[in-house]
Amino acid sequence: MLSANMASFSIVLGVFVTPFVAICIFFVMMGVSEAREQVRLNGSAVEVEVTILASGVQSQSRATNAPGSGGSNTAYSPQIRYTYELEGTVYEGDRVWSVEEHFPVRPSAAAVAARYPVGAVVTGYADPTNPASSFLEMRWSHMPFVASFAGVSMLALLAAGFIWIVGWRWLGPTILIALASTGLGVGVSSWIGFLWWEQVPAGARPGWALGAIAAADTVCLLPLIALFKARAGARLYRDAQAFSGQQGADE
């Protein structure tokens, strides 16, 4: 009866957890991809003379569950189109930064657009390995790194929760899950931290960067901590089964 109940509970738990796992993996992959691209572009871009063709603000509605939001909110971003020449070829671009960011209020985006009136000639940046890729301002965003840390940490928490709740029943697979999730989590978190700390200029890193790296690495150790509880539970389960079997034999 216990096995049947545990099997049903595990199926329900799996159905509930799977979407969260997929979301976490998405955040990790998105963050890692954008972080690498930002480091590559900002590190190798060359200066080009840019002529502004159009300048304004773009709004975009996004779904949200925030109370009083009506199910959606609006994000604003500077919409700037420009032209530049690199190695004798003329290109057009529309990125402001190597990693685009949105603002919650229109005036913030408008302030950026105001720096680039139509007809202005300013300095921009282009990727020498892909001249059609360009941006206007050399800026380091911490959001890709934060997204990666958040995704890795949530995956570690989900793995630790699974191990804590049902790990005692399937100790063999649980050990593999604990070792794999901890190793992968610490590995990815440490690599992202190294990329952030070594490749991003010190002046562009927030003061809490080192704390974020340490916190993510610590959270990734939780599956191993949960494994100790699972092993203790497994021992209790075996003892209870042995005791029950002994009582049956005595009767």
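Position one of the sequence shown corresponds to residue 1 (the numbering used here), numbered consecutively onward. C-beta atoms are modelled at their ideal positions from N, C-alpha and C, and glycine is treated no differently.
query = From Pro253 to Ile177, what distance separates their C-alpha atoms?
reply = Outside the displayed span of the chain (1 to 251) sits residue 253, for which this structure offers no information.
inquiry  = Counting C-beta neighbours from all protein chains within 10 Å, is the total for Ala230 16 or more, i.e. buried, or is it exposed?
reply    = buried
request  = Following the continuous alpha helix (DSSP H) through Ala113, name the residue where it begins and the one where it ends.
outcome  = DSSP places Ala113 in the uninterrupted alpha helix (DSSP H) bounded by 106-114.
message = From the DSSP secondary-structure annotation, give me the bridge partner or partners of Glu87.
response = Beta-bridge pairing links Glu87 to no other residue.
query = Between Ala216 and Phe149, which are expected to be in contact by the criterion C-beta below 8 Å, what is the C-beta distance as a whole number of angstroms?
reply = About 4 Å separates the CB atoms of Ala216 and Phe149; that is less than 8 Å, so the two are in contact.
key: Every unbroken beta strand (DSSP E) inside the region 34-62 [3 residues or more]   = none
ask   = Should the region 149-165 be called in touch with the region 209-224, which here means at least 3 C-beta pairs below 8 Å?
value = yes
inquiry  = Using C-beta distances below 8 Å, list every residue in its chain close to Leu195, excluding the 5 sequence neighbours before and after it, in chain order.
reply    = Take Leu195, set aside five residues on each side of it, and the residues of its chain with a beta-carbon closer than 8 Å to its own are Ala35, Arg36, Val39, Phe145, in chain order.
query = Would you say Ile192 reaches chain C, if we count a Cβ-Cβ gap shorter than 9 Å as a contact?
reply = Here there is only one protein chain, and chain C is not present.
message = If contact is defined by three or more beta carbon pairs under 8 Å, each pair taking one atom from either stretch, is the region 97-104 in contact with the region 73-80?
response = yes
request  = Classify Gly161 as helix, strand or coil using the three-state DSSP reduction.
outcome  = helix
task = May I ask you to check if the CB of Arg95 is nearer than 8 Å to at least one heavy atom of the ligand ADP?
result = With respect to the ligand ADP, the structure offers nothing, as it holds no ligand at all.
Residue burial classification, Trp140 (beta-carbon count within 10 angstroms, cutoff 16) = buried
inquiry  = Out of Thr174, Thr218, Leu210, Gly211, which one is the CA nearest neighbour of Leu227?
reply    = Thr174
ask   = Where do the ends of the beta strand (DSSP E) carrying Ala126 lie?
value = 121-127
task = Would you identify the three-state DSSP class for Glu100, choosing helix, strand or coil?
result = coil
Whole runs of the alpha helix (DSSP H) within the region 147-229, excluding any shorter than 4 residues = 171-199, 209-219
key: Through-space distance from Val96 to Ala132, alpha-carbon basis   = 14 Å
inquiry  = Just to confirm my understanding: we take Gly68, look at its own chain, exclude 5 residues before and 5 after, and list those with CB closer than 7 Å. What are they?
reply    = In this prediction, Gly68 has a pLDDT of 45, which is less than 50 and means its spatial position is unreliable; nothing more can be read from the coordinates.
Between the CA atoms of Thr182 and Thr83 - distance to the nearest angstrom = 48 Å
message = I'd like the span of the beta strand (DSSP E) that includes Ser133, first residue to last.
response = Going by DSSP, Ser133 is part of the beta strand (DSSP E) stretching over 130-135.
query = How big is the Cα-Cα spacing for Ser77 and Ala156?
reply = 33 Å
task = Give the secondary structure of Pro78 by DSSP, where H, G and I count as helix, E and B as strand, and everything else as coil.
result = strand
inquiry  = So, for Ala120: in the same chain, excluding its five sequence neighbours on each side, which residues have a beta-carbon less than 8 Å away from its beta-carbon?
reply    = Thr51, Ile52
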